[in-house]
Structures are given as C-alpha cells and as structure tokens.
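**Student:** The following block contains the structure, expressed as structure tokens.
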Amino acid sequence: VIGYPIAYWISRYGGRHKALLLVLVMLPFWTSYLIRTYAWMIMLRDNGIVNTILQAVGLTSQPIILLNTDFSVVLGMTYGFLPFAILPLFVSIDRLEPSLVGAARDLYASGRQAFVHVTLPLTMPGVVAASLLTFIPAIGDFVTPDLLGGASTTTIAKVIQELFLEGRDWPYGAALGFILMVFTLVGTLAALRTIRREVVG
Amino acid sequence: MHRERNRLLSLYATLVYAFLFAPIVVLVVFGFNDRAAISSGAGSPSTGTPSCCRTTSCSTPCG
Numbered sequence: 039v040i041g042y043p044i045a046y047w048i049s050r051y052g053g054r055h056k057a058l059l060l061v062l063v064m065l066p067f068w069t070s071y072l073i074r075t076y077a078w079m080i081m082l083r084d085n086g087i088v089n090t091i092l093q094a095v096g097l098t099s100q101p102i103i104l105l106n107t108d109f110s111v112v113l114g115m116t117y118g119f120l121p122f123a124i125l126p127l128f129v130s131i132d133r134l135e136p137s138l139v140g141a142a143r144d145l146y147a148s149g150r151q152a153f154v155h156v157t158l159p160l161t162m163p164g165v166v167a168a169s170l171l172t173f174i175p176a177i178g179d180f181v182t183p184d185l186l187g188g189a190s191t192t193t194i195a196k197v198i199q200e201l202f203l204e205g206r207d208w209p210y211g212a213a214l215g216f217i218l219m220v221f222t223l224v225g226t227l228a229a230l231r232t233i234r235r236e237v238v239g
Numbered sequence: 003m004h005r006e007r008n009r010l011l012s013l014y015a016t017l018v019y020a021f022l023f024a025p026i027v028v029l030v031v032f033g034f035n036d037r038a039a040i041s042s043g044a045g046s047p048s049t050g051t052p053s054c055c056r057t058t059s060c061s062t063p064c065g
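Chains as they are written, first to last, in our numbering: chain A, 39 to 239; chain B, 3 to 65.
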C-alpha cells in the first residue's frame with residue numbers, strides 16, 4: 039500500500055531520472071540495518087527528534103511514548119522492508135504497456151476506472167511478489183521487535199530467539215522455528231500459485 | 003485533475019523519500035556530535051548539558 043504509489047510515481051513520472059530515483063530508494067540500505075534501527079530509537083525516544091518536533095509545533099505538551107510500542111515496531115519494519123516492496127512493484131508497473139491504459143481511456147474509462155480495471159490487475163503479479171518479499175523477512179525479523187518494541191512486544195521470531203539464547207529450551211525453539219518455516223512455505227506457495235494464475239491465466 | 007494527482011503523488015514520493023532518509027540524516031548529524039550520550043531533557047543533542055560534562059573532572063550533574 040505504501041510502496042505502490044511511489045513505484046507508480048517513479049515509473050510514470052520518473053522520466054530519464056528513473057534509475058536515479060530507484061538508487062535513492064536503495065541508498066539508505068547501504069547502511070547497516072542495525073545502525074538504522076538505532077537511529078530510529080534515537081528519533082522515537084521520549085526526548086527524541088519526533089517528540090521534539092511534535093512539541094515544538096504544539097501538537098502535544100508532553101512527550102508521547104513512541105518507543106517500545108507496537109507502533110514503533112510496525113514503523114521500523116515498514117522502514118526496513120519498504121524497498122523490497124518498491125522494487126518488484128516498479129518492475130511490474132514499468133513493464134505495463136501504456137497503450138492498454140490508453141485503450142481504456144479511449145473507451146471512456148475515467149482515470150480511476152482505468153487504474154482499477156487495467157493497471158492494478160495487470161500489475162498484480164508485482165503486488166504478490168512484493169508481498170512475498172516483505173512477508174518472508176518480516177515474519178522472521180527479531181531485531182526490530184527487540185530493539186524498537188522492548189519487552190512488551192512479542193513476535194514469534196523474538197520468542198524463538200529468546201528460547202534459544204535465554205531460555206535454553208532448544209527443542210521448543212526448534213519446534214516453533216519449524217512451525218514458522220511451514221507457515222512461510224505455505225504462504226510462499228499460495229503467493230506463487232497466485233502469480234502463476236495471473237501470469238499464465 | 004491530472005496535474006493535481008501528479009502533484010499529490012509527487013508530494014507523497016517526497017514524504018516517502020524523507021521517511022527513508024530520516025535515519026541516515028540522524029546518523030550524519032550525530033556523527034558530527036562529539037557528546038557521548040544524548041540524555042538531556044531538552045531533546046536536542048546540542049542543548050541542556052553543561053559544557054564541563056565533556057571533561058572527567060566535572061562536578062555538575064550531567065543528566
């Protein structure tokens with residue numbers, strides 16, 4: 039949802055700067071994931087940049103608790119996996135023949151109708167690929183929930199990590215890891231089936 | 003309408019790029035800051051701490 043508009047914008051309005059705009063999407067990810075997560079911690083803490091700005095603008099009088107909440111985990115994971123969504127979406131939208139949208143417009147479809155009935159269905163393989171590429175690393179990510187979510191946030195990957203490293207319950211951890219792997223596999227196969235149905239027909 | 007949509011998309015793209023580069027900017031800013039910790043109540047890394055906190059012989063509470 040967040041990646042589609044920007045992929046669309048780069049593809050349709052990027053012009054000859056498309057490559058540069060794509061590199062700009064990738065550029066922050068040349069830095070370590072851990073360091074970027076720590077940067078988010080600095081920004082989201084009680085006396086961090088976000089709270090300072092909110093207080094300076096007058097939206098809040100007291101600092102809002104942003105760090106160690108579900109919001110911070112979702113924000114961190116969205117940040118971490120956004121390029122994995124933008125890139126396949128861009129490829130999918132860029133490969134779409136513009137004349138198909140033109141034909142829809144010729145047949146009196148409004149811009150919105152052309153998007154809903156032509157662009158979106160034809161770029162659905164990209165949407166599924168983007169979902170897959172973000173789902174797989176996101177479900178196994180334990181660094182972001184650990185650093186940004188604190189003790190209050192629990193994800194299955196974090197539970198597995200704690201079982202292995204702190205609980206020393208390797209069999210239980212391995213069982214949970216196996217269940218996670220099965221879930222990921224089922225999700226991946228379902229997504230691949232959808233892609234094949236969309237591409238082959 | 004088309005131009006308006008284009009403008010909205012451009013604004014959205016700018017916001018997404020700002021979101022992507024925000025931690026990098028923070029890293030660069032703090033990369034040029036020689037303070038060891040950022041724990042002042044003021045929220046800004048450059049305010050709220052006595053200057054003697056940079057030395058080991060400081061007797062003022064450093065926060």
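Cβ coordinates follow ideal geometry from the N, Cα and C atoms, glycine included.
1) Of the choices A/G41, A/G225, A/R234, whose alpha-carbon is the least far from that of A/I131?
2) Just to confirm, is the Cβ distance from A/P126 to A/G164 under 8 angstroms?
3) To be precise: take each residue of the stretch 57-76 of chain A, compare its Cβ to all Cβ atoms of chain B, and keep it if any distance is under 9 angstroms. Which residues remain?
4) Terminal residues of the continuous alpha helix (DSSP H) containing A/R150?
5) Can A/I73 and B/L29 be called in contact, C-beta distance under 8 angstroms?
6) May I ask which residues mark the beginning and end of the alpha helix (DSSP H) holding A/R143?
7) What distance in whole Å lies between the Cβ atoms of A/I194 and A/G211, which are believed to be in contact at a cut-off of 8 angstroms?
8) Are the C-beta atoms of A/M81 and some chain B residue less than 8 angstroms apart?
9) Would you check if the stretch 58-68 of chain A and the stretch 146-155 of chain A touch, i.e. whether three or more CB-CB distances between them fall below 8 angstroms?
10) Looking at A/V61 and A/T191, is the spacing between their C-beta atoms short of 8 angstroms?
11) What separation, rounded to the nearest whole angstrom, lies between the Cα atoms of A/T116 and A/P209?
12) Can you list, in chain order, the residues of its chain whose CB lies under 6 angstroms from that of A/L160, leaving out five sequence neighbours each side?
13) Using 8 angstroms as the threshold, is the stretch 222-236 of chain A in touch with the stretch 46-61 of chain A, meaning 3 or more CB pairs across them?
14) What did DSSP end up calling A/Q93 once you bin it into helix, strand or coil?
15) Identify the continuous alpha helix (DSSP H) that holds A/F128 and give its terminal residues.
16) If you run the structure through DSSP and keep just helix, strand and coil, what is A/Q100?
17) Just the chain B side, please: which residues come within less than 8 angstroms of A/W47 by C-beta, in chain order?
18) Quick check: the Cα distance between A/Y71 and A/Q100, rounded to an integer number of angstroms?
19) With 8 angstroms as the limit, tell me which residues of the stretch 18-33 of chain B have their beta carbon closer than that to any beta carbon of chain A; keep them in chain order.
20) Cα-Cα, which of A/A189, A/N85, A/A168, A/I102 is closest to A/A229?
**Tutor:** Taking the structure as given:
1) A/G41
2) Judged by beta-carbon spacing, A/G164 lies within the 8 angstroms limit of A/P126, meaning their Cβ atoms are closer than that value.
3) L59, L62, V63, L65, P66, F67, T69, I73, R74, T75, Y76
4) In the DSSP assignment, A/R150 falls within the unbroken alpha helix (DSSP H) covering 149-152.
5) Yes, the Cβ-Cβ distance between A/I73 and B/L29 is below 8 angstroms.
6) 136-144
7) That pair is no contact at about 11 angstroms.
8) yes
9) Touching, no.
10) Against a cut-off of 8 angstroms, the Cβ pair of A/V61 and A/T191 comes out as no contact.
11) 31 angstroms
12) L134
13) no
14) A/Q93: helix per DSSP, three-state reduction.
15) 108-132
16) Here A/Q100 sits in coil by DSSP.
17) L11, S12, Y14, A15
18) Across the structure, A/Y71 and A/Q100 are spaced so that their CA atoms are roughly 30 angstroms apart.
19) V18, Y19, F21, L22, F23, A24, P25, I26, V28, L29, F32
20) A/A168
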